[in-house]
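What follows is one structure encoded as structure tokens, with my remarks underneath.
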Amino acid sequence: MDIATLREAHPDHWMRATAIRTLTLDAVAAANSGHSGMPMGMADVATVLFGKHLKFDASAPTWPDRDRFILSAGHGSMLIYSLLYLTGYKEMPIEEIKNFRQMGAKTAGHPENFLLEGVETTTGPLGQGISNAVGFAMAEESLRARFGSKLQNHYTYCMAGDGCLMEGVSHEAIALAGRQKLGKLIVFWDNNNITIDGTVDLSDRTDQVMRFKAAGWHVQSIDGHDPEQIDAAIEAAKKSKKPSMIACKTHIALGHAAQDTSKGHGALTNADQLAAAKAAYGVTWGPFEVAADVKAEWEAIGARGHEDHAAWKARFDEQSERRQIEFNRVFAGEVPKKLSATIKAFKKQISESQPSLATRASSQKVLEVINPIMPETIGGSADLTGSNNTLTADMGVFDETNRKGRYVYYGIREHGMAAAMNGMALHGGIRPYGGTFFCFTDYARPAMRLSALMQIPVTYVMTHDSIGLGEDGPTHQPVEHLAICRATPNTLTIRPCDTVETAEAWEIALTSQKTPSVLVLTRQNLPTQRVEHKTSNLVAKGAYVLAEAEGKRDAILIATGSEVEIAMEARKILQDNGIGTRVVSMPCMELFAEQDETYRRKVLPAGPVRVGIEAAVRDGGWDRWLLGERGREAKQAFVGMTRFGASAPAEELYAKFGLSAENVVAQVKALLG
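Following UniProt numbering, the numbering of the sequence shown begins with 1 at its first residue and continues without gaps.
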């Protein structure tokens, strides 16, 4: 359908969609950067979706039962910014549109959830949004089963482009959604056949319609510029019990000289071409202007949800006080009051019984006391349930037959799992955690980075954390992974040394509001080090004195995780040799760095020689603590890895690579001269 026909056949729709296109052109031109083509091509779909289907209230962006709209093709951010401005979101005045992509503006180059209400998730890395959308839809299903359809009954809509569907994570997400039969997930594919390099067939020949069908989706193909077809397709999708994909055949940069070209993907800034496009659209308003009647129509759409919102509030008020409190608690991300006491009681029992456990097994024991009192947890594993120890007996399996189940079999989809967990956390009301081998953080990495960027408290249960996993060999033995996790801003990397520290690590992860946690856990058994019960959470300090020197303090051994055992063995030998030795357990460098300088210097005073011990590379943040924060406070050494591991039993590997008490003792003696 050409522009002239569209204008004649659907004049009101056309002008509303045109407002999106002109705001996009003006903002990108003013910024001299951005992506014009996608918003111009998908404006018709967005106009029908927001105008006739999306349940939202512009005056209440965080209403828990709103429909979620996710722009997976985040480079087209002016689409969502235009919609927020047009429908009357308080945080999106026209000044924000004018400041698109400028310092301090909420209209960042790609949508950022933490900057702007109305933006459900941070997108831009292609494929992440559609994968988040699967998590949003799973969260809705879970919460509807728990609280009932009167409180949770909404759709997740997602716009994805050709690039999103090429990214590998989309394959994982699409397959997972089909398996889970997420009937309230509706994806619009912006089928414009253009990528940055040129036409899609330069690099891909996938039949996307057949691909989605093969994964168990309900699929339709329409003209993405025909409002009647768009409307009918959404109606049909809402009736399906399967997730739906609507293939929308569109023209990138519709109406512009760059239409249907790769140039149309990016910033369209030529003034003459911009004017010609507006003339073709039939508008006379100036830059950053929208005709008053068109703006009024859009604002009426933004206010339309008041009635649905009020009805929801009435239904909420009919609930019991206990149910209202619980609903508000989980959506606020607050833990149950009994969590602290539960963790303390568990720690006391462990300190008394002193078991020798792999910290992956310790983690499961902690979850066995946490999950029954925190019904908002949803756990899972990327096909390593028995190895990650992420399943507890009370959870039940989440699938289409049991939406009250709280355990997800993600399959061998680390990236899809992490992205779906991001969606669950962003939806609200859910505390997701998921596991895989620590080495396979490489597969989950882009979504883990976004957890940190988006400030959401997803918990990653990463087991088999070192060469200690043994015979599976260097393909499965992480050595550099602690370094990349610690280098990531707003991430807590916690490597506990025993069951007590593991319990404290879980308490930190579950009480976090804006920071994801990576729990780094062993395959091999470790003795209980914290044999004296303390009610305070020492892991929350990041590092603490586990064993003090007897006599003059000559050396400080700093260790994490499984290597704390080595430090304690070395301390005994050194003390027997008259060398006073303090052992510092450092489960979380990030939390230690947050402590005040007085505490840090109390734990790591200047003077004694320092030896760091960790079955990983030194680059993982060690220099600050070994060299001293001023870089000259101590003679130091590091006992760890300088290469990849090998395939052999764990005990032999530790001996081969010098991760032994004897080597630590030798290092200390060499430093002391």
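Think of the CB as a built atom: it goes at the ideal place given N, C-alpha and C, for glycine as much as any other residue.
In terms of residue numbering, what span does the alpha helix (DSSP H) encompassing residue 178 cover?
Here residue 178 refers to the residue found at position 178 of the sequence shown. Its alpha helix (DSSP H) spans residues 168-180.
Are there 16 or more other CB atoms within 10 angstroms of the CB of residue 325, so buried, or fewer, so exposed?
If you number the sequence shown from 1, residue 325 lands on position 325. With fewer than 16 other Cβ atoms within 10 Å, it is exposed.
Quick one: grab the DSSP three-state call for residue 149.
Residue numbering aside, residue 149 sits at position 149 when the sequence shown is read from its first letter. Of the three classes helix, strand and coil, the one that applies to residue 149 here is coil, per DSSP.
In this structure, what does DSSP give as the bridge partners for residue 557?
Mapped onto the sequence shown, residue 557 falls at position 557. In the DSSP output, where bridge partners are listed per residue, residue 557 has 583 and 611.
Determine the contact status of residue 482 and residue 620, defining contact as a CB-CB distance below 8 Å.
To locate residue 482, count along the sequence shown from 1; it is residue 482. To locate residue 620, count along the sequence shown from 1; it is residue 620. Yes; because the gap between Cβ atoms is below 8 Å, this pair is in contact.
Just to confirm before moving on: does the CB-CB distance between residue 38 and residue 73 stay below 8 Å?
Sequence index remark: in the sequence shown, residue 38 carries index 38 (1-based). Sequence index remark: in the sequence shown, residue 73 carries index 73 (1-based). Cβ atoms of residue 38 and residue 73: closer than 8 Å.
Do residue 156 and residue 136 come within 8 Å of each other at the CB atom, strictly closer than that value?
Counting from one through the sequence shown, the residue named residue 136 turns up at place 136. Counting from one through the sequence shown, the residue named residue 156 turns up at place 156. Yes. Within cutoff.
Residue 229 - DSSP class collapsed to helix/strand/coil
One-based indexing of the sequence shown puts residue 229 at position 229. Here residue 229 sits in helix by DSSP.
Residue 96 vs residue 106 beta-carbon contact at 8 Å
As a working note, residue 96 is residue 96 in the sequence shown. As a working note, residue 106 is residue 106 in the sequence shown. Yes, these two residues count as a Cβ contact at 8 Å.
Top-ranked residue by Cα proximity to residue 197, from 221, 189, 429 and 163:
The residue you call residue 197 lines up with position 197 of the sequence shown. Of the listed residues, the one whose Cα sits closest to residue 197 is 163.
Buried or exposed for residue 684, please, with buried defined as at least 16 other CB atoms from any protein chain shown within 10 angstroms of its CB.
Because the chain spans 1 through 673 in this model, residue 684 falls outside it and cannot be assessed.
For residue 439, which of 450, 522, 502 and 363 has the nearest alpha-carbon?
Here residue 439 is taken as the residue at index 439 of the sequence shown, counted from 1. Of the candidates 450, 522, 502 and 363, the one whose C-alpha sits nearest the C-alpha of residue 439 is 522.
Return the residue from the list 258, 249 and 220 that minimises the CA-CA distance to residue 240.
What you label residue 240 is simply residue 240 of the sequence shown in a count that begins at 1. Of 258, 249 and 220, the residue nearest in Cα terms is 220.
Compare the Cα-Cα distances from residue 676 to each of 371, 78, 189 and 467 and report the closest residue.
The chain is shown only over 1 to 673; residue 676 falls outside these bounds and no answer can be derived.
Quick one: any contact between the segment 163-180 and the segment 112-132, if contact means 3 or more CB pairs under 8 Å?
yes
With residue 654 as the anchor, note down where its alpha helix (DSSP H) starts and where it stops.
Within the sequence shown, residue 654 is the residue found at index 654, counting from 1. Where residue 654 is concerned, the enclosing alpha helix (DSSP H) stretches over 650-656.
Which residue wins for smallest C-alpha separation from residue 168, given the options 265, 151, 526 and 443?
To locate residue 168, count along the sequence shown from 1; it is residue 168. Across the set 265, 151, 526 and 443, the C-alpha of 443 shows the shortest separation from the C-alpha of residue 168.
Residue ranges of each beta strand (DSSP E) within the segment 443-515, 3 or longer
459-463 and 492-494
Whole angstroms are fine: how far does the CA of residue 308 sit from the CA of residue 224?
On the sequence shown, position 224 is the one that residue 224 refers to. On the sequence shown, position 308 is the one that residue 308 refers to. So the two alpha carbons sit approximately 28 Å from each other.
What are the boundary residues of the alpha helix (DSSP H) that includes residue 523?
Mapped onto the sequence shown, residue 523 falls at position 523. Run containing residue 523: none; DSSP gives neither H nor E here.
Status (buried if at least 16 other CB within 10 Å, exposed otherwise) for residue 524
Numbered from 1 along the sequence shown, position 524 holds the residue referred to as residue 524. Classification of residue 524: buried, given that the 10 Å Cβ count is 16 or more.
Short of 7 Å in beta carbon distance, which residues of its chain neighbour residue 245, apart from the five on each side in sequence? Order them along the chain.
Stepping through the sequence shown from its first residue, residue 245 is reached at position 245. Within the same chain, residue 245 has close Cβ partners 187, 189, 212, 217 and 219.
Which word fits residue 592, buried or exposed, when buried means at least 16 other C-beta atoms lie within 10 angstroms of its C-beta?
Counting from one through the sequence shown, the residue named residue 592 turns up at place 592. Counting Cβ neighbours within 10 Å, residue 592 comes out buried, since at least 16 surround it.
Taking all protein chains shown into account, do 16 or more other C-beta atoms lie within 10 angstroms of the C-beta of residue 518, making it buried, or fewer, making it exposed?
Counting from one through the sequence shown, the residue named residue 518 turns up at place 518. Its Cβ being crowded by 16 or more others within 10 Å, residue 518 is buried.
Please tell me whether residue 405 and residue 395 are closer than 8 Å, where the distance is taken between their beta carbons.
Taking the sequence shown and counting its residues from 1, the one referred to as residue 405 is at position 405. Taking the sequence shown and counting its residues from 1, the one referred to as residue 395 is at position 395. Their beta carbons are under 8 Å apart, which means residue 405 touches residue 395 by this criterion.
With the cut-off set at 8 Å, would you say residue 313 and residue 503 are in Cβ contact?
Looking up residue 313 in the sequence shown gives position 313. Looking up residue 503 in the sequence shown gives position 503. No; because the gap between Cβ atoms is not below 8 Å, this pair is not in contact.
Have a look at 334, 40 and 573 and flag the residue whose alpha-carbon is nearest the alpha-carbon of residue 428.
Taking the first residue of the sequence shown as 1, we reach residue 428 at position 428. The option with the nearest alpha carbon to residue 428 is 334.
Specify the secondary structure class of residue 350 as computed by DSSP and reduced to three states.
For the purposes of this step, residue 350 is taken as residue 350 along the sequence shown, with counting starting at 1. Residue 350 falls in the helix class under three-state DSSP.
Check the C-beta distance from residue 609 over to residue 671 and give it rounded, since I have them as a contact under 8 Å.
Counted from its first residue, the sequence shown places residue 609 at position 609. Counted from its first residue, the sequence shown places residue 671 at position 671. About 4 Å separates the Cβ atoms of residue 609 and residue 671, confirming a contact at the 8 Å cut-off.
Spatial distance of residue 499 from residue 447 (CA atoms)
On the sequence shown, position 499 is the one that residue 499 refers to. On the sequence shown, position 447 is the one that residue 447 refers to. Each residue's alpha carbon lies about 28 Å from the other.
Which value, in whole angstroms, describes the spacing of the CA atoms of residue 297 and residue 16?
Position 297 of the sequence shown, counted from the start, is the residue given in the question as residue 297. Position 16 of the sequence shown, counted from the start, is the residue given in the question as residue 16. The alpha-carbon atoms of residue 297 and residue 16 are separated by roughly 8 Å.
Exposed or buried, which one is residue 529 when buried takes at least 16 other CB atoms within 10 Å?
Stepping through the sequence shown from its first residue, residue 529 is reached at position 529. Result: buried.
If we require 4 or more residues per run, which alpha helix (DSSP H) segments fall completely within the segment 222-304?
227-239, 271-281 and 292-303
When burial is assigned at 16 or more other CB atoms within 10 Å of the CB, is residue 401 buried or exposed?
Position 401 of the sequence shown, counted from the first residue, corresponds to residue 401. Answer is exposed; the Cβ neighbour count stays below 16.
Which residue spans inside the segment 342-389 form an unbroken beta strand (DSSP E) run of at least 3?
377-381, all fully within the segment 342-389.
So residue 538 and residue 565 are in contact, right, with Cβ under 8 Å, and what is the actual spacing, rounded?
Translated into the one-based positions of the sequence shown, residue 538 becomes position 538. Translated into the one-based positions of the sequence shown, residue 565 becomes position 565. Taking the Cβ atoms as the reference, residue 538 lies roughly 17 Å from residue 565, outside the contact range of under 8 Å.
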